[in-house]
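Here is the structure we will look at, set down as structure tokens.
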Amino acid sequence: MTMKRSDKRILTTHVGSLPRPRELLLPLHARDSGERYDKLGLERQIAAAVSAAVRKQVDYGIDIVNDGEHGRASFATYANTRIGGMERVMQAPRHISRPTRDSLEFPAVYEEMRKMFGARRALTGRPEDSVSLVCTGPIKYIGQDQVKQDIAHLKAATAGLPIEDVFVTAISPTNLEMYFENKYYKSDEEFLGALAEAMREEYRAIIDAGFILQIDDPRLITHYNRDPNISVEENRKFIGVRVEALNHALTGIPEDRVRFHTCYSINVAPRVHDLELKHFVDLMLKVRAQAYSIEAANPRHEHEWRIWKEVKLPENKVLIPGVVSHCVYQVEHPELVADRIERFASVVGRERVIAGTDCGFASARAGDEVHPDVAWAKLKALVEGAKIATSRLWS
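Next up, the structure:
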């Protein structure tokens, strides 16, 4: 079945993570960290949370829904449970401890953010990250049972509901490469290739279940900020290699059932060093996907819709621009949302725009990016804005 387009009206979706029930956070953390937990009790909690999240999306008018990522605490910990060949080491993960371009320029801001995240951890009772995963043997996929459970929960939750389509998020090989330290493979390329080969099994399982596969790949563009010494051109080479690895993982998977999401992560910060869309858009379009989900609602990237006047979106492709932001507390006015949708429609065509969000609303274990009430208010504005845009574009 081909991915839905906005053929009769502007369809709505989001990026993936939705505010989780607080009582889920600790048992999810325990499971993903290899600690003791009540397995049956957690499965019942997840099933109930997924069912409630799907129903709420439908009630709010979201067309293309998912499970809210309620079966995982975060992508960083979910990765721990899907990939074998790793050894746990008591040290802070590399991707957390390294300075970035932004943190070097705004050290006081990032120190305040560190304290803020510490306070959020205290609210959830979750300890600070102190365990790293190091690759010490052959990479293999070990997440068969969990992906089956994810699929079963989502199928049960969506059964009989008026939904246009359903998507499931899965992590990219590039992000896994960041989370894990390689001490087994001879080169970064060999390590990346092994991760891509392993994740293909999860991608295939999602497609075979009848869902849309969404590849989440923030690192494709956050690497530039995370490595203060790399040039834009060197970073383009980095991206090119990672796109090739992802396409290898997608071999044999129908392109029209894949959507690709990249973003600037959960960086609630100045973000003056974000890699600009113009520096990677051509490489992103090489990913074997039908739709591309990008940030377009925040102050650093809202202007970038104009790039699509110069860059031709291939005829069979779809854009899912963020028209509400994930890390700003102000709730967008529906008229502003409609304006943003119409800008993209004016350059790529109304049928090839699906209204989305910049990023997820609950992608970190420390807590939500904005208060859950704000997140849902933003999704309400998203739906209302799409209706306004539809009335104008199909008048």
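Position 176 of the sequence shown, counting from 1, maps to 177 under my numbering, and the rest follow consecutively. Here a beta-carbon is modelled for each residue, glycine too, at the ideal position from N, C-alpha and C. Since this is a predicted model, take the numbers as computed values, not measurements.
(request) Return the CA-CA distance between Asp402 and Ala48, expressed in angstroms with no decimal places. (result) A query on residue 402 cannot be resolved here, the shown segment of the chain reaching from 2 to 396 and no further.
(message) Quick check on DSSP: helix, strand or coil for Glu235?
(response) It is helical.
(message) Within a Cβ cutoff of 7 angstroms, which residues of the same chain sit near Gly17, ignoring the five residues on either side of it in sequence?
(response) Answer for Gly17: Asn67, Glu70, Thr170, Gln215, Asp217 and Gly361, listed in chain order.
(message) Tell me the rounded alpha-carbon separation between Pro271 and Gly161.
(response) Answer to the nearest angstrom: the Cα atoms are 44 angstroms apart.
(message) Below 8 angstroms on the Cβ atoms is my contact criterion, and I expect Tyr293 with Phe261 to pass it. Report the Cβ-Cβ distance as a whole number of Å.
(response) Right, their Cβ atoms sit about 5 angstroms apart.
(request) Could you pull out every unbroken beta strand (DSSP E) segment of at least 3 residues lying fully inside the region 8 to 52, listed in chain order? (result) Listed in chain order, there is nothing to give.
(request) Assign Thr13 to one of two classes, buried (16 or more other C-beta atoms within 10 Å of its C-beta) or exposed (fewer than that). (result) With 16 or more other CB atoms across the displayed protein chains lying within 10 angstroms of its CB, Thr13 is buried.
(message) Tell me the rounded alpha-carbon separation between Ala367 and Ala74.
(response) For Ala367, the predicted structure reports a pLDDT of 47, less than 50, and the residue's modelled location is therefore unreliable. A value from the coordinates is still provided. Roughly 9 angstroms separates the two Cα atoms.
(message) Contact between the region 372 to 386 and the region 29 to 39 is defined here as three or more beta-carbon pairs at a separation below 8 angstroms; is this criterion met?
(response) No, the region 372 to 386 is not in contact with the region 29 to 39.
(request) Compute the distance between the beta-carbons of Glu370 and His304, then report whether it is under 8 angstroms. (result) No. Outside cutoff.
(message) Three Cβ pairs or more, each shorter than 8 angstroms: is that satisfied between the region 341 to 357 and the region 316 to 327?
(response) In short, these stretches touch, since the Cβ pair count reaches three.
(request) Kindly identify the DSSP beta-bridge partner or partners of Tyr186. (result) Beta-bridge pairing links Tyr186 to no other residue.
(request) Taking all protein chains shown into account, decide if Gln291 is buried (16 or more other Cβ within 10 angstroms of its Cβ) or exposed. (result) Around the CB of Gln291, 16 or more other CB atoms lie within 10 Å, so the residue is classed as buried.
(request) Taking only runs that begin and end inside the region 236 to 323, name each unbroken beta strand (DSSP E) of 3 or more residues, in chain order. (result) With a minimum length of 3 residues, the continuous beta strand (DSSP E) runs that stay inside the region 236 to 323 are 259 to 262 and 292 to 295.
(message) I'd like the span of the beta strand (DSSP E) that includes Arg89, first residue to last.
(response) Per DSSP, Arg89 belongs to the beta strand (DSSP E) from Ile84 to Met91.
(message) I need the boundaries of the beta strand (DSSP E) containing Asp217, first residue and last residue.
(response) Note, Asp217: beta strand (DSSP E), Ile213 to Asp217.
(request) Measure the Cβ-Cβ separation of Lys287 and Ile308 and say whether it is below 8 angstroms. (result) Against a cut-off of 8 angstroms, the Cβ pair of Ile308 and Lys287 comes out as no contact.
(message) Considering just the uninterrupted stretch of the beta strand (DSSP E) at Ser133, what are its terminal residues?
(response) Per DSSP, Ser133 is one residue of the beta strand (DSSP E) stretching across Val132 to Tyr142.
(request) Tell me whether Val242 is buried or exposed, calling it buried when 16 or more other Cβ atoms sit within 10 Å of its Cβ. (result) With fewer than 16 Cβ atoms within 10 Å of its Cβ, Val242 is classed as exposed.
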